[in-house]
Amino acid sequence: MRSLSYFFKEALISFRRNMSTNLGAIITIFLSLLVIGVFMLGSIMVKHIVESVENQVSITVYVADNAAQEDIDKLLGTIRDYDEVSDVKFTTKEQALKNFTEQMTSNPEIVQALDGANPLPASLDVNLYDPQQVENVAQRILDNETFKKICDNSGDPSDSLKYGQQTVERLFQVTNYIRYIGIAVVALLVFVTFIFINNTIRLAILARRREIAIMRLVGASNGFIRGPFLMEGALQSLIGAAFAIVGVALIRRFAMPKLATALSWLPISVSNMALLKISVLLLIFGLIIGLFGSLLAMRRYLKV
Amino acid sequence: MAKHTKRTRGGQIPKASREGTGKLSSLPSIEEMEVQQSGTPVISFRHLTKVYPAQPEKPALEDISLDIYAGEFVFLVGHSGSGKTTFIRLLNREIVASSGTLEVSGENLMNIRGWRIPYLRRNIGCVFQDFKLLPNKTVFENVAFALEVIGKSQAVVETQTPEVLRLVGLESKMDKMPDQLSGGEQQRVSIARAVVNRPPLLICDEPTGNLDPQTSLGIMRLLERINRTGTTIVVATHDREMVDSMRRRVIALENGHVVRDQDRGVYGLDA
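Taken in order, these protein sequences are the chains called A and B. Number 210 in our numbering belongs to position 210 of the first sequence; there are no gaps in the numbering. So the mapping is simple: our numbering equals the position in the second sequence, first residue as 1, plus 1000.
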């Protein structure tokens, strides 16, 4: 415990005396982490956009006009019990017509052409937790006996179940690509940053290798020599990470609302929770690089 | 021309044979000094050879066997490249010998475990030719470091450090950085650091290597005082005047061999 406070004291003194080197390391860590943070922010935004697009995917099951209410309720119950399904809504024929009329306010003649008749079937609207499961769920509904009994077009049940078959497939291909690219970019950045910060720390320690050798010759154990250096590395990364977190928070606070108004059709937002996650990640990542980098860089000079 | 004579001291015949040149043994003979000797030597070389990988043909030290006992003051003399520094660096395990055995303070340095090395070095004060002071620490902190390393309390550090700095005459420069001091002052700081934890063995590599005669004399006086407290001292030097005036044991190295080992010796005539 005493040596811990000794290490801390030594680290602070050395921090002050090697101000320029330390400042350089802090700025490197700050900028690297800031870039990573901004990209994390960006990837969260993209993820939101992708999700909001995907969430528009749902399954509509058209029900025959003569279907018995108890069969409809049964199918409703069965689908609702699927693990993948978040909720199911029943839309009556009347409701369907009403919705249609509302959608067609710009072309009222289409509604008038119906001449009071209602060609629209009643339907079940199925929403899913994970839109990627749409094909799976659709297939299960198709296999369901009750569905076959009450579907609108009993000649071809698959015609009574709509989820934008081909479009959905392509959409998911695109969104998955976007996800992979996001992960790859962040991973690449993390790697680059690791090399970058590691080099800075290596240089800072290279400049003090004589010092380390002298400590060894005076009889200091490796742990005793490492202590202050590690503490200094940790201090550098903590300060650097703190600046980076403030930077990311400022960008979210001031730059993102401007972006959101400029691209108002896209749901751009990053929750406080996500910001907290980014902060914690940056802090941990910074600390790991700071400590690990110092440890690695010192290793060869401790062999005297 | 060299007649081999055994080096004797206090009537006790050393385990290893030591050689001296006949010519030098005829120099004014002085009554044998009473050297406090315990049964086991502080430093013990046995057929020790050190070959650097860069010069496989020419060993830096070859087949060295000798003992240094507690309380002795030993000069190690020889030309540049004769193996003095290798000798010194073997003692604090900066380098490892190629063959033979070497024991220092009861530790066998040929197979000492890595984690034991710091503990060995805490028993050996080291004064280097290039001082090896920590550039980012003040004079006080440099000396205090040797105490902090062995886990001495803050109170001990704060009493012992000024004390030893007073001993070397630097109490007024405690808060200076090493580069604000003269060479002689830096050397005295390095001596202070080497002796502050009262090690039983002090080894010095050219402690007066680049100092003027007046300063050298001061440093030698200091080493003598430290020796009188019972510390064993090994000094590698080519300062002829100093060796001749002190009249202590002299081990002469030449091309990696001990060519002379003499109590109350002088630097030598061949130099």
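Backbone N, C-alpha and C define an ideal beta-carbon position, used for all residues, glycine too.
Per-residue DSSP class, three states only, for residue i
i               : result
L1201 (chain B) : strand
L1027 (chain B) : Because L1027 (chain B) carries a pLDDT of 40, less than 50, the predicted location of this residue cannot be relied on, and no value is offered for it.
G1265 (chain B) : coil
E1107 (chain B) : strand
Q90 (chain A)   : Sequence check: residue 90 (chain A) is Phe here, not Gln. Strand, per DSSP.
L287 (chain A)  : helix
S221 (chain A)  : coil
H1047 (chain B) : strand
L1170 (chain B) : coil
Y180 (chain A)  : helix
G1209 (chain B) : coil
V1074 (chain B) : strand
K377 (chain A)  : Only positions 1 to 304 of chain A appear in this structure, which leaves residue 377 (chain A) out of reach.
I59 (chain A)   : strand
L203 (chain A)  : helix
R1260 (chain B) : strand
L1102 (chain B) : strand
V168 (chain A)  : helix
A117 (chain A)  : coil
A234 (chain A)  : helix
M1033 (chain B) : Residue placement at M1033 (chain B) is poorly supported in this model, since its pLDDT is 43, which falls under 50; the coordinates are not used for a value here.
T175 (chain A)  : helix
G1125 (chain B) : strand
L12 (chain A)   : helix
T146 (chain A)  : helix
T1040 (chain B) : coil
L4 (chain A)    : helix
Nearest to residue i (by Cα), restricted to the options the options
i               : options                            : result
Q139 (chain A)  : A:T60, A:L283, A:N272              : A:T60
V185 (chain A)  : A:L238, A:F39, A:V248, A:A297      : A:F39
L1217 (chain B) : B:D1244, B:A1192, B:P1200          : B:D1244
I1226 (chain B) : B:D1239, B:Q1214, B:V1164          : B:V1164
I1251 (chain B) : B:E1072, B:N1123, B:T1138          : B:E1072
G1256 (chain B) : B:A1097, B:G1106, B:D1179          : B:A1097
L120 (chain A)  : A:V111, A:D83, A:V174, A:L259      : A:V111
T167 (chain A)  : A:L302, A:V53, A:I197, A:L23       : A:V53
D130 (chain A)  : A:Q236, A:D83, A:E70               : A:D83
D306 (chain A)  : A:R208, A:T101, A:D73, A:I183      : The question about residue 306 (chain A) has no answer, for chain A in this structure spans 1 to 304.
P1041 (chain B) : B:P1213, B:S1105, B:I1112, B:T1138 : B:S1105
M19 (chain A)   : A:A262, A:L275, A:E232             : A:E232
R1121 (chain B) : A:N222, A:V134, A:L97, A:D152      : A:N222
E145 (chain A)  : A:K47, A:L263, A:K74, A:M298       : A:K74
First and last residue of the uninterrupted alpha helix (DSSP H) at residue i
i               : result
A1252 (chain B) : First-last for A1252 (chain B): 1249-1254, but that is the beta strand (DSSP E), not the alpha helix (DSSP H).
R1166 (chain B) : 1154-1167
D312 (chain A)  : Missing from the structure shown is residue 312 (chain A); chain A here goes from 1 to 304 and no further.
I1068 (chain B) : Not the alpha helix (DSSP H): I1068 (chain B) falls in the beta strand (DSSP E), residues 1061-1068.
Y1119 (chain B) : 1117-1122
F1145 (chain B) : 1139-1149
I26 (chain A)   : 19-54
P1178 (chain B) : Here P1178 (chain B) belongs to no alpha helix (DSSP H), and DSSP marks it neither H nor E.
N136 (chain A)  : 134-143
I1088 (chain B) : 1084-1091
A257 (chain A)  : Checking the sequence shown, residue 257 (chain A) turns out to be Pro, not Ala. Residues 256-262.
M1242 (chain B) : 1240-1246
Span of the beta strand (DSSP E) around residue i
i               : result
A213 (chain A)  : That residue, A213 (chain A), is in no beta strand (DSSP E); its alpha helix (DSSP H) goes 209-218.
T1215 (chain B) : Unbroken run through T1215 (chain B) is the alpha helix (DSSP H), 1213-1228; no beta strand (DSSP E).
L124 (chain A)  : 122-128
V1189 (chain B) : First-last for V1189 (chain B): 1183-1195, but that is the alpha helix (DSSP H), not the beta strand (DSSP E).
T1231 (chain B) : Run containing T1231 (chain B): none; DSSP gives neither H nor E here.
heavy atom of the ligand PLP below 7 Å from residue i C-beta
i              : result
N107 (chain A) : This structure simply doesn't include the ligand PLP, nor any ligand for that matter.
Residues in the region 209-239 of chain A having any Cβ partner in chain B nearer than 7 Å: E211, I214, L217, V218, G219, A220, S221, F224
Cβ-based contacts, 8 Å cut-off: residues of the region 1068-1093 of chain B near chain A: N1092
Contact list for the region 1118-1129 of chain B against chain A, Cβ threshold 7 Å: Cβ contacts with chain A: P1118, R1121, R1122, C1126.
Under 8 Å (Cβ pairs) to chain A, residues found in the region 1178-1193 of chain B: R1193
Three CB pairs or more closer than 8 Å across the region 1128-1142 of chain B and the region 1189-1196 of chain B: yes
Members of the region 13-30 of chain A that neighbour chain B once the beta carbon cut-off is set at 8 Å: S14, R17, N18
contact_flag[the region 195-206 of chain A, the region 91-110 of chain A] where n(CB pairs < 8 Å) is 3 or more: These segments do not touch.
Stretch pair the region 29-36 of chain A + the region 282-292 of chain A: three plus CB contacts closer than 8 Å: Touching, yes, given that three or more Cβ pairs across the two stretches are closer than 8 Å.
Meets three-Cβ-pair contact criterion under 8 Å: the region 1222-1239 of chain B and the region 1058-1065 of chain B: no
Near-chain A residues of the region 1092-1106 of chain B (beta-carbon distance less than 7 Å), N- to C-terminal order: N1092, E1094
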